[in-house]
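To start, the structure under review is shown below, and the notes come after it.
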Amino acid sequence: MIFYVGLHQPSDARRFPEAMISVKRLTGRRGSFTPPSSSWMLDSGAFTEIDQHGRYREPPERYAQRIIRWWHVGRMVSATSQDYMCEARILDKTGLSLADHQRLTIARYDAIRALVPASIYVLPVLQGYQPQEYVTCLRDYGARLTPGMWVGVGSVCKRNGTPHAIAAVLRAIKAERPDLRLHGFGCKQTALGSADVRELLHSADSLAWSLRARKARYHDGDLSRDANSWREAAAYRARVMEGPL
C-alpha cells in the first residue's frame with residue numbers, strides 16, 4: 475500500500491517519498507516548491523469546503539486552472555475530484571439527500587475531467603455511507619470507470635475507530651469491481667492497522683499526525699509536540715509503514 479502523508483506546508487514535501495497536498499495550501503502561492511522524491515497527490519479541499527460552507531464557492535473552472543498550474547511540479551500522480559461527502563452532518567449542512575450528493579459528485583467529476591488535459595489524472599471519488607450505497611454510486615459512474623482505474627473512497631475518515639465498517643465498504647466495492655485500485659481518504663493508523671483494510675487498499679492518505687500532536691500539546695501538556703512539524707509527520711508515516719497491528 476502506498477501512503478501519501480498529508481502536509482500543512484508544501485515546502486515539507488521534499489522530505490517524503492509521497493505526499494498529499496491540499497489545493498488550499500497552494501492557492502495564492504507565487505513560487506513553486508520542491509516535491510516529494512516519488513510522487514504527490516493534489517487534494518481538492520472538498521471536505522473543508524463543504525463542511526464549512528455547505529457548498530463549493532467557486533466553479534469547477536477555478537479548480538481546473540489550479541490543477542493545470544501545479545501539474546508541472548514534480549510527479550503529480552492525481553488531482554482529486556471535488557466530491558460531496560455523505561456523512562449525516564454534512565447532509566444536514568447542504569440540506570440535500572445522499573442520492574443528490576452522489577449525483578453531484580459525478581457531475582463535478584465530469585466537469586473537471588472535461589476542463590483539464592487528458593494527460594492529467596483526475597481521481598474519481600465513490601460516495602455513500604452504507605456499503606451498498608457505494609455500489610450504487612459505482613454503477614452510476616458506469617463506463618467512466620475503466621478497467622484497473624484508481625478510484626477514491628470518500629466518507630470513511632470519520633469511521634477510523636471501526637475498521638470493520640471501512641472494510642465492509644471496501645469489500646462491497648471490490649465484489650462489484652475487483653479490478654479497481656482503491657484509495658482511502660483520511661485513513662488513520664487505527665484503520666490501517668487492520669490487515670483487512672490494508673489488503674483492500676491500493677493507497678491511502680492521512681493528516682492525523684497533526685491532530686495527534688495538537689492533542690498531546692494542548693490536552694496532555696507535552697510542549698515538545700508540534701502540530702506543524704514535518705518530524706511529527708515522518709514519525710507517523712513510519713508507524714503506518716510498519717504494517718498491520
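Per the numbering used here, the sequence shown starts with residue 475, numbered consecutively. We treat Cβ as the ideally placed atom computed from N, Cα and C, and that holds for glycine.
Check each candidate in K648, M559 and R655 and name the one with the smallest Cα separation from V630.
V630 has its Cα closest to that of M559, out of K648, M559 and R655.
Can you look up I594 in the DSSP assignment and give me helix, strand or coil?
Correct three-state label for I594: coil.
Helix, strand or coil: which one does DSSP assign to M494?
DSSP places M494 in strand when its eight states are reduced to three.
Which residues share a DSSP beta bridge with W514?
In DSSP, W514 forms a bridge with A493 and M550.
Within the chosen definition, does the region 600 to 607 reach the region 573 to 582 through at least 3 CB pairs nearer than 8 Å?
Yes: the two stretches touch, three or more of their Cβ pairs being nearer than 8 Å.
Which partner residues does H657 have in the DSSP bridge list?
In the DSSP output, where bridge partners are listed per residue, H657 has G626 and S677.
I'd like to check one pair, Y537 with D679: are the Cβ atoms closer than 8 Å?
No. Outside cutoff.
Which residue or residues does DSSP assign as beta-bridge partners of I476?
DSSP output for I476 lists S677 as bridge partner(s).
Could you tell me which of T501, T554 and K567 sits nearest to Q526, measuring between CA atoms?
Nearest of T501, T554 and K567 to Q526, Cα basis: K567.
Given a cut-off of 8 Å, decide if S684 and H546 are closer than it, judged by their beta-carbon atoms.
Contact: no.
Cβ of L644 within 8 Å of Cβ of H676?
Not closer than 8 Å, so no.
Within 10 angstroms of its Cβ, does Q606 collect 16 or more other Cβ (buried), or is it exposed?
Flag for Q606 reads exposed.
Assuming V497 contacts G519 under a Cβ cut-off of 8 Å, what Cβ separation, rounded to an integer in Å, is found between them?
Right, the Cβ-Cβ distance comes to about 5 Å (below 8 Å), so this counts as a contact.
So, under 8 Å CB-CB, W624 and D486 are touching, yes? Tell me the CB distance rounded to an integer number of Å.
Actually they do not touch by this definition, with Cβ atoms about 24 Å apart.
Might you give, ordered along the chain, the residues of its own chain that have their beta carbon closer than 6 Å to the beta carbon of P621, omitting 5 neighbours on each side?
If we look at P621 and ignore the five residues flanking it on each side, its Cβ neighbours are D653.
Note down, in chain order, each residue of its chain lying with its Cβ closer than 8 Å to the Cβ of P484, except the 5 sequence neighbours on either side.
Counting only Cβ-Cβ distances below 8 Å, and skipping sequence neighbours, we find I495, R499, L500, R503 and F507.
Comparing alpha-carbon positions, which option in R613, D557, R651 and G505 lies nearest V596?
Nearest C-alpha to V596: D557.
In whole angstroms, what is the alpha-carbon distance linking E706 and R699?
Rounded to the nearest angstrom, the two C-alpha atoms are 8 Å apart.
If you draw a straight line from the alpha carbon of F725 to that of S511, how long is it in whole angstroms?
Limits of the chain in this structure are 475 at one end and 719 at the other, which puts residue 725 out of reach.
Please name the residue in T636, R688, R587 and I640 whose C-alpha comes closest to that of L619.
Nearest option by C-alpha distance: R587.
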